[in-house]
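Just so we're aligned, residue 18 is where the sequence shown starts under this note's numbering, counting upward by one.
Worksheet: the structure to be examined is printed underneath.
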Amino acid sequence: MIHDISIPMSAATREWPGDQPFECGWTCRIDRGDSINLAAITTSFHVGTHADAPLHVHDGWPASEALTVSAFIGPVRVITAPQESLPHSLSVEALRRLLGPTIPARVLLRTGRTIADGAFPDDWPVLTSEAADWLVDEGLVLWGVDAPSVDHRHSKTLDVHHALLGRGAFVLENLDLRYVAAGDYELVAPPLLVTGADAAPVRAVLRSLHQH
Ligand SMILES: [Zn+2]
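The structure is reproduced here in structure tokens:
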């Protein structure tokens, strides 16, 4: 079974407050006498499901063309953040409890704090930077979240972005994990091959593993 866990890049999708929303205009329209309909968009790459490029948080770090496809395809574990009062950050110990003895290469965190519900959440659970470092040490290549960011909403230092993107791991933001259970899946979520940008749009799907 295939679960589409993408949030659309759409005019109806809530952009980060102050960011450029998605706008779609028409260069040609059949109803204006053109032979085709032809659209053009103006948008932040952070509207809807996307992968941040390292460049997003650090001048000189790789741009969107360097998002490594293999990190975004393969086995993945979906986990649910404990419901605690915010601000809340997951420690190494909390992650050990959630993940068990074997640390997967790809993990998606369901916080329940998502623009998929229509409103922009006030805040959401994130990793401590120690936990992010530890995950990369253990072989993590991809950390995905249903929230709008892997850091807290009002973070200015963006510690989790730096800890992951600075050491070769990648991130997915704005996933729709409302309808998938915690557990193991196969992820297929390659970023669009955009060059020179701070992020790239992603169509993300989970495939259920066959039961034996
Ligand atoms: Zn982003």
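Beta carbons are placed, not taken as given, at the ideal position from N, Cα and C, and that holds for glycine.
Since the structure is predicted, the reported quantities are computational estimates derived from the model, not experimental observations.
- Taking the Cα positions, residue 52 is about 8 Å away from residue 46.
- Note that the C-beta distance between residue 145 and residue 189 is not below 8 Å.
- Scanning the stretch 160-218 for uninterrupted alpha helix (DSSP H) segments of 4 residues or longer gives 176-182, listed from N- to C-terminal end.
- At least one heavy atom of ligand 1 sits closer than 7 Å to the Cβ of residue 63.
- The beta carbon of residue 67 sits closer than 7 Å to those of 190, 191, 216, 217, 218 and 219, all from its chain and outside the five residues before and after it, given in chain order.
- Considered as a whole, the stretch 73-118 harbours 109-116 as its complete alpha helix (DSSP H) runs of no fewer than 4 residues, in chain order.
- The shortest CA-to-CA distance from residue 60 to any of 40, 76 and 74 is the one to 40.
- In the structure shown, residue 23 adopts extended strand secondary structure according to DSSP, grouped into three states.
- Out of 185, 149, 153 and 35, the CA that lies nearest to the CA of residue 176 is found in 149.
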